[in-house]
Amino acid sequence: DAGVIQSPRHEVTEMGQEVTLRCKPISGHDYLFWYRQTMMRGLELLIYFNNNVPIDDSGMPEDRFSAKMPNASFSTLKIQPSEPRDSAVYFCASSLMARGPGYTFGSGTRLTVV
Amino acid sequence: DQQVKQNSPSLSVQEGRISILNCDYTNSMFDYFLWYKKYPAEGPTFLISISSIKDKNEDGRFTVFLNKSAKHLSLHIVPSQPGDSAVYFCAASDVSGYALNFGKGTSLLVTP
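If you read the protein sequences in the order shown, they are chains R and Y.
Going by my numbering, the first residue of the first sequence is number 12, and it counts up by one from there.
Going by my numbering, the first residue of the second sequence is number 384, and it counts up by one from there.
Right, here's the structure in full:
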């Protein structure tokens, strides 16, 4: 298995633009997580899905953020409109269970909003 | 509000010595604790875990200690190697099976 695949690896965009981050989880994993890494807050959970259904999106910072999982092999995190404070590394992870330890993380998308 | 706290942003240790990374938590419902390791430009990878029914778990050079009364856990790396240089994240999960709650991470540098 190729692991969790995220795209793009890097994204630079101007403030106000729409940004879409993509994730392909490991086949057979029922859970998919979106985390954001910043210096101030470390790794913070944004949203997670179980069997394609959003379980908790309380970590999504604002209405500008939305996430979807239309099928078991694909998820998107969208920011519209983007702001400079959204600059961070966004990780997608998948797992058989919510509690770990089997979280497999993707390599992340480094987002820079200028 | 951070429920998992890693108060040392960085740590530098000489090769061959012991590295001790610390983690505190505030949620008494946490019953499963993990350490993840992250190299630059890569995602975090699982390192070692411990259940609240134990106070110690060992895996080769890595040992995690849990002090439930103090709500504190630590990761010991003995002996430290330059390849251990990475960011280490402490994580915790509660009995409800909710997603992992991570700390801010500690950047470890092991110098030759």
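For glycine and all other residues, C-beta sits at the position ideal for the given N, C-alpha and C.
Listed by chain order, chain R residues near residue i by CB distance under 7 Å
{"i": "Tyr-481 (chain Y)", "result": "Ala-109"}
Test: residue i CB closer than 8 Å to a CB of chain Y
{"i": "Pro-72 (chain R)", "result": "no"}
{"i": "Arg-47 (chain R)", "result": "no"}
{"i": "Phe-60 (chain R)", "result": "no"}
{"i": "Pro-112 (chain R)", "result": "yes"}
{"i": "Phe-102 (chain R)", "result": "yes"}
Beta-carbon proximity list for residue i, same chain, < 6 Å, skipping 5 on both sides
{"i": "Phe-76 (chain R)", "result": "Ile-90"}
{"i": "Thr-24 (chain R)", "result": "Val-30, Ser-93 and Val-124"}
{"i": "Val-100 (chain R)", "result": "Gln-48, Gly-119 and Arg-121"}
{"i": "His-455 (chain Y)", "result": "Asp-407"}
Beta-carbon contacts of residue i that lie in its chain and below 7 Å, excluding the five residues immediately before and after
{"i": "Phe-413 (chain Y)", "result": "Ala-475, Ser-476 and Asp-477"}
{"i": "Asp-41 (chain R)", "result": "Asn-61, Asn-62 and Leu-107"}
{"i": "Ser-391 (chain Y)", "result": "Asn-405 and Thr-489"}
{"i": "Ile-37 (chain R)", "result": "Asp-12, Gly-14, Val-15, Ser-105 and Thr-115"}
Neighbour flag for residue i against chain R, beta carbons, 8 Å
{"i": "Leu-417 (chain Y)", "result": "yes"}
{"i": "Gly-486 (chain Y)", "result": "yes"}
{"i": "Phe-429 (chain Y)", "result": "yes"}
{"i": "Ser-468 (chain Y)", "result": "no"}
Per DSSP, cross-strand counterpart(s) of residue i
{"i": "Ile-90 (chain R)", "result": "R:Val-30 and R:Phe-76"}
{"i": "Pro-65 (chain R)", "result": "R:Phe-60"}
{"i": "His-455 (chain Y)", "result": "Y:Asp-407 and Y:Asn-450"}
{"i": "Lys-421 (chain Y)", "result": "Y:Val-470"}
{"i": "Lys-388 (chain Y)", "result": "Y:Asp-407"}
Contact set for residue i: own chain, Cβ-Cβ below 8 Å, skip 5 residues either direction
{"i": "Asp-438 (chain Y)", "result": "Phe-448, Leu-449, Asn-450 and Lys-451"}
{"i": "Ser-435 (chain Y)", "result": "Phe-413, Asp-414, Tyr-415, Phe-416, Leu-449 and Lys-451"}
{"i": "Lys-421 (chain Y)", "result": "Pro-427, Thr-428, Ala-469, Val-470, Tyr-471, Phe-472 and Gly-488"}
Within chain Y, the residues that residue i reaches when beta carbons sit closer than 9 Å
{"i": "Phe-44 (chain R)", "result": "Ala-482 and Leu-483"}
{"i": "Gly-53 (chain R)", "result": "Gln-385, Val-387, Gln-389, Phe-472, Phe-485, Gly-486, Lys-487 and Gly-488"}
{"i": "Phe-85 (chain R)", "result": "By Cβ distance, chain Y contributes nothing, its closest Cβ being about 18 Å from Phe-85 (chain R), past 9 Å."}
Within chain A, the residues that residue i reaches when beta carbons sit closer than 9 Å
{"i": "Glu-425 (chain Y)", "result": "Included in the structure are the protein chains R and Y, with no chain A among them."}
Local conformation of residue i per DSSP, three classes
{"i": "Asp-467 (chain Y)", "result": "helix"}
{"i": "Asp-41 (chain R)", "result": "coil"}
{"i": "Asp-97 (chain R)", "result": "helix"}
{"i": "Glu-398 (chain Y)", "result": "coil"}
{"i": "Ser-18 (chain R)", "result": "strand"}
Contact test: residue i Cβ vs the ligand ATP heavy atom, cutoff 7 Å
{"i": "Gln-385 (chain Y)", "result": "Within the structure as shown, the ligand ATP is missing, as the structure has no ligands at all."}
Amino acids of chain Y, ordered along the chain, whose beta-carbon sits closer than 8 Å to that of residue i
{"i": "Leu-56 (chain R)", "result": "Ala-482, Leu-483, Asn-484 and Phe-485"}
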